[in-house]
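One structure is given here, and the rest of the page talks about it.
Number of protein chains: 2
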Amino acid sequence: MSDPPERSASDPDEEIMGATYRALREHGYADLTIKQIADEYGKSTAAVHYHYDTKEELLAAFLDFVLDQFVQTIHEVETTDPERRLELLLDQLLLAPEDHYDLSIALLEMRSQAPYEAAFAERFRQNDEYVRYMLRTVIDDGIGAGVFADVDAEHAASALMTIVDGARTRTVVFDDAAALETARRAADEYVDAVLAEDA
Amino acid sequence: MSDPPERSASDPDEEIMGATYRALREHGYADLTIKQIADEYGKSTAAVHYHYDTKEELLAAFLDFVLDQFVQTIHEVETTDPERRLELLLDQLLLAPEDHYDLSIALLEMRSQAPYEAAFAERFRQNDEYVRYMLRTVIDDGIGAGVFADVDAEHAASALMTIVDGARTRTVVFDDAAALETARRAADEYVDAVLAEDA
DNA sequence: GGCTTTTGACTAACTAGTCAGTAAGTTTCC
DNA sequence: GGAAACTTACTGACTAGTTAGTCAAAAGCC
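Going down the list, the sequences are from chains A and B. Sequential numbering of the first sequence, starting at 21, is according to the numbering used here. Sequential numbering of the second sequence, starting at 21, is according to the numbering used here.
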């Protein structure tokens, strides 16, 4: 009923998301404390607890915040030509993370907590389902247009996401941005040799 | 100099590794405490600290323990025919983890701590290098035998490891053992379409 | 006796969350 | 126009719980 019709630029909730973002990039997830978020926020820890009752609730909201942003960026890929569109999607999935390396670390930490945090698991699952849907659709379009062979699009999308997640993990664990390029090349080989009509 | 020439079955160090293994499977890495390890060990926390000064030292030793076991299992693959050998290696890398699901969770948690724990990073790096070396060698053998095309074996091995790590991550994050089979199929497609001589 | 191993009690530090109270702004009603 | 009632945002002090690591003393073993 009395929903705030618009939020000012200094909306506390959004500022806390920004503070959490900075705290996560600086300290990682495992060592993250409400104190660190409060410091970035410039207020007391009680102020943070005023807006988010528990740490878990705050971090679930943060995942929504950051995964929504991610969905936005891949939603900006507007090309309709299947081959080109698939390439651009893979670019977004595999090359963009370079710009957010510190966050990638924290995100892998959070992913590894999915088995213990249902709120995390649900959000990562939804995000993965959405990206896989995007891939499946473009592959199906390509099959319809005759540029891709009549493969199992669902499986092909999962295969590409496996490469994407492998790249993300390897980038963090081996502190090696080249893992993204290796994966990009592997994804291309997969598209060219398995999906492409002639092969 | 004074290395113990042989260790009895009730070697305290080994028993603590076993206790750590059980504690990790039960509680995961993030929540792991010395107390939990001590309970599995059946002794006090101080007894654990007598054998390992710090938690970090203990867990580094545990990684050696468990990664050495892993290397042993893939070292048991003795087939020399390149195509068959590559398939068996991929089976070990992609299907065996089903038996150690709880440990897979803990291992992903530890992998995500590599950026903060040099001791972890070093061990995961060495293990990855070894597995990649095994893959590269079998691919090179296949190229020499004419069953594989003249591809960049180093890259192909990295591509396969990307699929393997993607499968491991996805299995844990999405609580879905089918991710391993999806990856197995993707790896086969990669081998058949990119590596195989005819294609 | 002397060595290794283990215990129990301890500490020092940290952390999520609580709570009473403050201050500033907003709405309601006369 | 102004007072009362209420809401939002916050603070500082606090608690209750947890945890890695220490240490002196005891127990077991050769």
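Built from N, CA and C at the ideal position, the CB exists for glycine as well.
Minimum Cβ-Cβ distance from residue i to chain A less than 7 Å
{"i": "residue 40/B", "result": "no"}
{"i": "residue 174/B", "result": "no"}
{"i": "residue 145/B", "result": "yes"}
{"i": "residue 128/B", "result": "yes"}
{"i": "residue 132/B", "result": "yes"}
{"i": "residue 100/B", "result": "no"}
{"i": "residue 189/B", "result": "yes"}
{"i": "residue 118/B", "result": "no"}
{"i": "residue 211/B", "result": "no"}
{"i": "residue 86/B", "result": "no"}
{"i": "residue 217/B", "result": "no"}
Rounded C-alpha distance that separates residue i from residue j
{"i": "residue 51/B", "j": "residue 44/B", "result": "9 Å"}
{"i": "residue 87/A", "j": "residue 195/B", "result": "20 Å"}
{"i": "residue 170/B", "j": "residue 163/B", "result": "6 Å"}
{"i": "residue 76/B", "j": "residue 216/A", "result": "49 Å"}
{"i": "residue 35/B", "j": "residue 173/A", "result": "49 Å"}
{"i": "residue 54/A", "j": "residue 38/A", "result": "14 Å"}
{"i": "residue 197/A", "j": "residue 60/B", "result": "39 Å"}
{"i": "residue 186/A", "j": "residue 62/B", "result": "38 Å"}
{"i": "residue 181/B", "j": "residue 199/A", "result": "10 Å"}
{"i": "residue 147/B", "j": "residue 89/B", "result": "11 Å"}
{"i": "residue 202/B", "j": "residue 127/B", "result": "21 Å"}
{"i": "residue 14/A", "j": "residue 108/A", "result": "With chain A covering 21 to 219 only, the question about residue 14/A has no answer from this structure."}
{"i": "residue 91/B", "j": "residue 137/B", "result": "22 Å"}
{"i": "residue 161/A", "j": "residue 132/A", "result": "34 Å"}
{"i": "residue 214/B", "j": "residue 213/A", "result": "6 Å"}
Min CB distance residue i to chain B below 7 Å
{"i": "residue 185/A", "result": "yes"}
{"i": "residue 159/A", "result": "no"}
{"i": "residue 202/A", "result": "yes"}
{"i": "residue 214/A", "result": "yes"}
{"i": "residue 91/A", "result": "no"}
{"i": "residue 182/A", "result": "yes"}
{"i": "residue 168/A", "result": "no"}
{"i": "residue 32/A", "result": "no"}
{"i": "residue 82/A", "result": "no"}
{"i": "residue 177/A", "result": "no"}
{"i": "residue 57/A", "result": "no"}
{"i": "residue 138/A", "result": "no"}
{"i": "residue 193/A", "result": "yes"}
{"i": "residue 206/A", "result": "yes"}
{"i": "residue 125/A", "result": "yes"}
Identity of the residues DSSP links to residue i by a beta bridge
{"i": "residue 168/B", "result": "216/B"}
Spatial neighbours of residue i in its chain, beta-carbon cut-off 6 Å, leaving aside the 5 residues before and after
{"i": "residue 105/B", "result": "99 and 158"}
{"i": "residue 95/A", "result": "none"}
{"i": "residue 130/A", "result": "49 and 140"}
{"i": "residue 113/B", "result": "184"}
{"i": "residue 40/B", "result": "57 and 82"}
{"i": "residue 78/B", "result": "72"}
Sequence-distant residues of its chain with Cβ nearer than 8 Å to residue i (five each side left out)
{"i": "residue 32/B", "result": "71"}
{"i": "residue 111/A", "result": "204"}
{"i": "residue 167/B", "result": "102, 103, 216 and 217"}
{"i": "residue 12/B", "result": "Nothing about residue 12/B can be reported from this structure: the residues present for chain B run from 21 to 219 only."}
{"i": "residue 189/A", "result": "128"}
{"i": "residue 74/A", "result": "none"}
Own chain, CB closer than 7 Å to residue i, minus 5 neighbours either side, in chain order
{"i": "residue 56/B", "result": "43 and 47"}
{"i": "residue 134/A", "result": "140, 141 and 144"}
{"i": "residue 211/B", "result": "106"}
{"i": "residue 165/A", "result": "102"}
{"i": "residue 116/A", "result": "93"}
Any 3 or more C-beta pairs closer than 8 Å across the stretch 156-165 of chain A and the stretch 190-209 of chain B: no
Inter-stretch contact (C-beta, 8 Å, three-pair minimum) for the stretch 136-156 of chain B and the stretch 169-187 of chain B: yes
The stretch 91-105 of chain A touching the stretch 69-83 of chain A, judged by at least three CB pairs closer than 8 Å: no
Three CB pairs or more closer than 8 Å across the stretch 66-76 of chain B and the stretch 116-124 of chain B: no
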